[in-house]
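*Asks:*
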Amino acid sequence: MVLVSPSSDPQGVWEFESEIRVLHHPTTISVKYQAMVHTGSIRQTASIITMSVQHMRTGDKAICRFRFIKNPEYIKEGARMVFREGRTKAVGNIIKVYPDAPAPYRGNKRDKMKPKYNARRRIKSMNDRDRIEPDPNLTLPVSVTSTTPTTTPTITPTITTNNNNTNTHRTNQ
């Protein structure tokens with residue numbers, strides 16, 4: 002949130018162009034690189050969309066077009082910025098803002114919320130026409146029981162003792 006005069010016509014921007022100088026980076030920076038952008042009170046991750054060079058290393062200078070990841074921000078041309086991520090540090094000036102850049106497509110919310118298949122849910126949600134009803138004409142076989150009583154065998158544990166008084170442990174001599 003920003004507090005500005007209504008006459009300044011504040012607009013949030015998704016994309017901006019900046020001239021940056023890389024102070025330190027262990028490898029190379031190229032398109033699609035993402036890092037935290039600090040400008041004024043704004044702190045948000047931004048991605049590099051285009052660059053005036055193919056890649057940048059420590060000490061290189063280039064004009065890059067950035068795109069905020071989460072929300073559009075209110076920034077002005079000429080503002081100073083810091084670009085950092087881990088040990089990577091870069092500084093620069095915002096030279097152009099693009100207020101007409103479209104918001105990124107994030108997909109349909111329903112696509113993200115599709116329920117996963119659940120067998121229990123499927124069974125509970127079956128319609129009456131899908132249920133299998135028993136056939137009234139079906140006859141089941143009758144089980145025959147014998148008239149002689151069956152006895153269950155009893156198991157008695159037997160304990161065997163070793164009457165030999167031999168020591169089973171090895172002793173060092």
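Quick note on numbering: the sequence shown equals residues 2 to 174 in my numbering.
Backbone N, C-alpha and C fix where the C-beta goes; we use that ideal spot for every residue, glycine too.
Do you know offhand how far Ser-31's Cα is from Lys-90's?
*Replies:* The residue labelled residue 31 in the question sits at position 30 within the sequence shown. The residue labelled residue 90 in the question sits at position 89 within the sequence shown. Cα to Cα, the separation comes out at about 14 angstroms.
*Asks:* Could you give the DSSP three-state label for Ile-124: helix, strand or coil?
*Replies:* Here residue 124 refers to the residue found at position 123 when the sequence shown is read from its first residue. With a pLDDT of 49 at Ile-124, under the threshold of 50, the predicted position of this residue should be treated as unreliable, though the coordinate-derived value follows. Here Ile-124 sits in helix by DSSP.
*Asks:* Let me confirm a value: Ile-96 is counted as buried when at least 16 other C-beta atoms fall within 10 Å, else exposed. Which label applies?
*Replies:* As a first step, residue 96 is located in the sequence shown; it is residue number 95 there, counting from the start. With fewer than 16 other Cβ atoms within 10 Å, it is exposed.
*Asks:* What did DSSP end up calling Ser-31 once you bin it into helix, strand or coil?
*Replies:* Walking along the sequence shown from the start, residue 31 turns up at place 30. Of the three classes helix, strand and coil, the one that applies to Ser-31 here is coil, per DSSP.
*Asks:* Sorted by chain position, which residues of the same chain lie with C-beta nearer than 6 angstroms to Gln-12's C-beta, five sequence neighbours on each side aside?
*Replies:* Stepping through the sequence shown from its first residue, residue 12 is reached at position 11. For Gln-12, where only same-chain residues beyond five positions count, the Cβ hits under 6 angstroms are Pro-100.
*Asks:* DSSP state of Ser-48, grouped into three classes?
*Replies:* Counting from 1 along the sequence shown, the entry for residue 48 is found at position 47. Strand.
*Asks:* Going by the beta-carbon positions, is the gap between Ala-80 and Thr-40 smaller than 9 angstroms?
*Replies:* Translated into positions along the sequence shown, residue 80 becomes position 79. Translated into positions along the sequence shown, residue 40 becomes position 39. One thing to note: Ala-80 has its Cβ within 9 angstroms of the Cβ of Thr-40.
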